[in-house]
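Per my numbering, the sequence shown runs over residues 689 to 817. Let me begin by presenting the structure, written as structure tokens, before commenting on it.
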Amino acid sequence: MHEIQSEDQWAGLAGQLKFVNGYGTWDVQTLVRLIGSKKAGARVIERIEQKLAENKVGHLPTKLPTDGTRRVLLYSKEHVGLGYILSVIHELALQDPADGENARVNQLESMLKGITMLQRATGRNDGRV
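Structure follows, in structure tokens:
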């Protein structure tokens, strides 16, 4: 199969995520087209996951589905806000419990406390009246 992809397109996707909100949802079929394919088979999905990783873009679920109608959450690992928080959550979710690394847990807790304090300071209350 001949790939008609452009490295600029993958970098553009990463840049969009990095400079907008740090995250976004995408249809698998859109990613399949971006890689230059028509169907989301196992090899195509592997290539998409590789391109995302090369451009420092994480994804949830951790294994992209082969169903083109499914939506996935993409996030920039370089975003200084929510994208980075999602990256840390993803790392912790995949971490072996025996690793025993507290630094990431402490870092995530600190970031979440900062968000909570900001919400309180701006009067946001999670939709409660």
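Ideal Cβ placement from N, Cα and C applies to all residues, glycine included.
Asked                                                                                                                                                   : Found
Between the alpha carbons of residue 757 and residue 714, how many angstroms are there, rounded?                                                        : 10 Å
With DSSP run on the structure shown, which of helix, strand or coil describes residue 757?                                                             : coil
Considering only their Cβ atoms, is the gap separating residue 747 from residue 760 smaller than 8 Å?                                                   : yes
For residue 765, which residues in the same chain have their Cβ closer than 6 Å to its Cβ, ignoring the five residues on either side in sequence?       : 744, 746 and 775
State the Cα-Cα distance for the pair residue 698 and residue 805, rounded to the nearest angstrom.                                                     : 35 Å
How would you call residue 739, buried or exposed, if buried means at least 16 neighbouring beta carbons within 10 angstroms?                           : buried
If you compare alpha carbons, which of 704, 722, 755 and 709 is closest to residue 730?                                                                 : 755
Using beta-carbon positions only, say whether residue 793 and residue 780 come within less than 8 Å of one another.                                     : yes
Taking the alpha carbon of residue 753 as the reference point, which residue from 763, 717 and 721 has its own alpha carbon closest?                    : 717
Assuming the contact rule is C-beta atoms closer than 8 Å, residue 706 and residue 771 should be a hit. Round their C-beta distance to whole Å, please. : 7 Å
Pull up the distance between the alpha-carbon of residue 811 and that of residue 796, whole angstroms please.                                           : 23 Å
Select from 737, 791, 722 and 808 the residue whose C-alpha is nearest the C-alpha of residue 751.                                                      : 737
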